[in-house]
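Our numbering applies: residue 3 is where the sequence shown begins, and numbers increase by one. The C-beta atom is built at its ideal place from N, Cα and C for all residues, glycine as well. This structure is a prediction, so every number in the text was calculated from the model and none was measured.
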Amino acid sequence: MTSVLLTADAVRDAAAVHGNAVLVEDGVIAAVGRAEDLRRPGLAERHLGGVIVPGLRDAHFHPVGHAASLQGISLGGAAELAEVAAVLAEESARRPAGAGLLALRLDDEALAEGRLPDRHFLDRAGGGRPVLVIRHCGHIAVASTAALEVAGIGLDTEDPPGGSLDRDDDGRPSGVLRETAVSLVASAVQPLVPALTPEDLVGAVASLAGVGLTGLGAIVSVGQGLWGGGDSELDLLREAAPDLVLPLRVLVIAETPGELEAAAGRLGRAGPMVSFLGLKLFADGSLGGHTAALRRPYADRPDTTGLLRLEAGWAREMVGGAASLGGAVAVHAIGDAALAAVLDGFEEALDAGMEPQRLRVEHASVAPPEEVRRLAALGVTACIQPSFLPSDGPWLEARLGTERLSHTYNFATLAAAGVPLAGGSDCPVEPPHPLWGMARARDRAGFLPHEGLTGAQALDLFTRGAARAIGEEASLAPGAPATLTVLDGDPVTAKPAALERMGVLGVFVAGRELPRPPVGSAWRG
3 MTSVLLTADA
13 VRDAAAVHGN
23 AVLVEDGVIA
33 AVGRAEDLRR
43 PGLAERHLGG
53 VIVPGLRDAH
63 FHPVGHAASL
73 QGISLGGAAE
83 LAEVAAVLAE
93 ESARRPAGAG
103 LLALRLDDEA
113 LAEGRLPDRH
123 FLDRAGGGRP
133 VLVIRHCGHI
143 AVASTAALEV
153 AGIGLDTEDP
163 PGGSLDRDDD
173 GRPSGVLRET
183 AVSLVASAVQ
193 PLVPALTPED
203 LVGAVASLAG
213 VGLTGLGAIV
223 SVGQGLWGGG
233 DSELDLLREA
243 APDLVLPLRV
253 LVIAETPGEL
263 EAAAGRLGRA
273 GPMVSFLGLK
283 LFADGSLGGH
293 TAALRRPYAD
303 RPDTTGLLRL
313 EAGWAREMVG
323 GAASLGGAVA
333 VHAIGDAALA
343 AVLDGFEEAL
353 DAGMEPQRLR
363 VEHASVAPPE
373 EVRRLAALGV
383 TACIQPSFLP
393 SDGPWLEARL
403 GTERLSHTYN
413 FATLAAAGVP
423 LAGGSDCPVE
433 PPHPLWGMAR
443 ARDRAGFLPH
453 EGLTGAQALD
463 LFTRGAARAI
473 GEEASLAPGA
483 PATLTVLDGD
493 PVTAKPAALE
503 RMGVLGVFVA
513 GRELPRPPVG
523 SAWRG
C-alpha cells in the first residue's frame, strides 16, 4: 500500500474547513483532519501549502475546440475589423495555394464596428481563399465567396432545417451562416486546413491541469464538428485516449439513436481516461447571434424570435435512446421558449422512468419564474456558464429589453429555488479557467449583481455540482478518489478579483500528481 500525508494551510470544501491534511492511500482518501492527528511513524509526508479543495471540474467543455483554439487561428481579443483582416492576411501569406483558412472566436460585439464582416471582407482579407470565421459562440459563422462555392452554396440554395443563410439585397448569400448552415460550409472547408492531431488534443487536455481542472464533461461530435480539420471528433478523441491525463466523461452530439449507440460502444473501448456519459442535443442557438429561441421577438430584432431546433418526437426517440444505454441527456437551451420546450420533453422522459439526475439543461440563460419553478420541481440540473457574463452583459439589455433582463443569468434565483447547478465554461466559447468562472459567478462582471452566488456556492458549482453532472464524485470523504486541487488561497473567502488571480499549486487525479503546463496563449487574460 502506498500512503502519503498531504498537508496544507487548510483543507476545505464548500461546506466548511476540515483541517489541514489529507491522508491518501492507494489513490483514495483515507482520512481528512489535523496533521498532528493523522501523522504516524514511517508515513511519508508532503507539505503543499495553500488550500486543498476537491478537484475542480468543468461540466461543459469542447476539448477539440480547445485544441483548435491553441493550434489554429484565434481571433479572440480582436478590437476592430482591421485587426481581423490583418490576422487573416498574415495567415494567408503563410499558406500554400489552395489551402483554406478556419478562424475561431470572433466576437463581433467586441469590435469597434459592432458587426460581423461579410464574404466580400473575407475575400479581400484572405486573398480569395476559402475562409470560414466562426463566431465565438459557435452558432454563427462567416464564409468567403470561395468557401461558399466550395460548399456548393449559391443564389438558389435554400435555408437548411434548423439554420439560415443571411442574404444581400439581391438575394445572394452574404456569407453569414446561422446554426445548421454553419456545418454546410465547415464540412467543405475543413479538408482544406491542417487537421488536428491526437498529440494536439493530448497537449491541450494536459494544459488544463495548469488552471486546476481534474475532469471534464467533454462534448464531442460523431462527425467533423466545427472546430478543426479531420474526419471525426470522436475518432480523434479515441486516438488520443491512451495518452490523456485527465478523465473525460463524454457527451456525444449524434443525430440518431443508432449513431449514439455506436459511439457509446466505441467510447467503452477507448481506455480508462475516456468514458461515455450520454447525449448532447441543441434546442436553439445563441443570444449573440439572435438564434436563441425566445417567446417574444428580440428587442433589437423585432423580426425574429430565434430558431427552435428540436424536432417532433425528440424526447421519445433521442432521450429514450440515451436512457436505454444508461446515459445522461444534456440539451442546450438558452432562450425561454427553448427552455420550456426542453422541460416539456424532460417531463415526458421522467414519466417514462428516466432519473432526474441524468437530465441536464445547458445554459438556461433566460429562465422566467415559471420555468425556474419547473426546473426545481423536476429536479433536473442546470449547467450554467458564469464566464458568459463579461462577454454578454454589455449588450443583453439591448438584445432582450428591460423586462426579460431580470430573469437572465439569474443564478441566485435558480439556487434559491433548489435547482441543482453545475458549472462549466463552454470552452472555446469562453476561457477554460474554473477560477474565473467562480469569480464571475460571484461578481457577475457587474451585471445584475444581486443574482451573484456566495463564495461557498461558487466553489460548489465547480466541484460537487460539476462532478455530479458528469457522474463523478467531488468529495473529501474517506473512500472517495484523491482527486484534489491545491490553490494558493481560500476560494471561498477571497474576493472575486483575488480569486481570478489565484494560483494553482497542485493537481491530483486519483492520488497521481499531474504536471501543470501553461494553458496556452489563446487564453491569457
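Between the CA atoms of residue j and residue i - distance to the nearest angstrom
| i | j | result |
| --- | --- | --- |
| residue 198 | residue 235 | 10 Å |
| residue 253 | residue 43 | 46 Å |
| residue 80 | residue 112 | 8 Å |
| residue 599 | residue 70 | Residue 599 lies beyond the range of the chain shown here (3 to 527); nothing can be said about it. |
| residue 126 | residue 289 | 29 Å |
| residue 177 | residue 169 | 8 Å |
| residue 436 | residue 47 | 28 Å |
| residue 455 | residue 377 | 18 Å |
| residue 35 | residue 58 | 20 Å |
| residue 278 | residue 272 | 10 Å |
| residue 497 | residue 425 | 19 Å |
| residue 503 | residue 441 | 10 Å |
| residue 313 | residue 330 | 19 Å |
| residue 519 | residue 452 | 36 Å |
| residue 241 | residue 305 | 46 Å |
| residue 56 | residue 151 | 51 Å |
| residue 165 | residue 307 | 13 Å |
| residue 365 | residue 336 | 6 Å |
| residue 45 | residue 7 | 7 Å |
| residue 468 | residue 92 | 40 Å |
| residue 74 | residue 184 | 18 Å |
| residue 258 | residue 359 | 23 Å |
| residue 204 | residue 213 | 16 Å |
| residue 540 | residue 173 | The question about residue 540 has no answer, for the chain in this structure spans 3 to 527. |
| residue 82 | residue 109 | 10 Å |
| residue 354 | residue 346 | 13 Å |
Option in the options with minimal Cα separation from residue i
| i | options | result |
| --- | --- | --- |
| residue 138 | 431, 239, 477 and 194 | 431 |
| residue 22 | 52, 321, 46 and 474 | 52 |
| residue 402 | 115, 174, 298 and 58 | 298 |
| residue 419 | 399, 121, 440 and 379 | 379 |
| residue 72 | 110, 206 and 135 | 206 |
| residue 301 | 249, 398, 36 and 62 | 398 |
| residue 352 | 327, 381 and 240 | 381 |
| residue 405 | 450, 257, 413 and 482 | 450 |
| residue 100 | 58, 148 and 87 | 148 |
| residue 227 | 208, 286 and 65 | 65 |
| residue 122 | 108, 153 and 146 | 146 |
| residue 61 | 466, 501 and 481 | 466 |
| residue 513 | 490, 500 and 485 | 485 |
| residue 495 | 10, 14 and 195 | 14 |
Status (buried if at least 16 other CB within 10 Å, exposed otherwise) for residue i
| i | result |
| --- | --- |
| residue 527 | Legend: pLDDT at residue 527 = 42, less than 50; position of this residue unreliable, value from coordinates given subsequently. Answer is exposed; the Cβ neighbour count stays below 16. |
| residue 4 | exposed |
| residue 362 | buried |
| residue 493 | buried |
| residue 326 | exposed |
| residue 487 | buried |
| residue 119 | buried |
| residue 181 | buried |
| residue 17 | exposed |
| residue 41 | exposed |
For residue i, three-class secondary structure by DSSP
| i | result |
| --- | --- |
| residue 82 | coil |
| residue 76 | strand |
| residue 477 | coil |
| residue 2 | In the structure as shown, the chain begins at 3 and stops at 527. Residue 2 is therefore absent and cannot be evaluated. |
| residue 527 | Here the model assigns residue 527 a pLDDT of 42, short of 50, so the residue's position is not dependable, and the following value carries that caveat. If DSSP states are grouped into helix, strand and coil, residue 527 belongs with coil. |
| residue 482 | coil |
| residue 181 | strand |
| residue 271 | coil |
| residue 147 | helix |
| residue 2 | As displayed, the chain neither begins before 3 nor continues past 527, which places residue 2 out of reach and without an answer. |
| residue 110 | helix |
| residue 5 | strand |
| residue 137 | strand |
| residue 427 | coil |
| residue 196 | coil |
| residue 37 | helix |
| residue 241 | helix |
| residue 47 | strand |
Check: residue i C-beta below 7 Å from any heavy atom of the ligand NAD
| i | result |
| --- | --- |
| residue 470 | Inclusion of the ligand NAD in the displayed structure is not the case, the ligand content being empty and no account of it being possible. |
query: Hey, is the segment 364 to 374 in contact with the segment 317 to 328, meaning 3+ C-beta pairs nearer than 8 Å?
result: No: fewer than three Cβ pairs fall under 8 Å.
Contact between the segment 383 to 392 and the segment 419 to 436 (3+ Cβ pairs under 8 Å): yes
message: Three or more C-beta pairs under 8 Å: does that hold for the segment 445 to 461 against the segment 187 to 195?
response: no
task: Decide yes or no for the touch test of the segment 203 to 220 against the segment 242 to 262: beta carbon pairs closer than 8 Å, at least 3 of them.
output: yes
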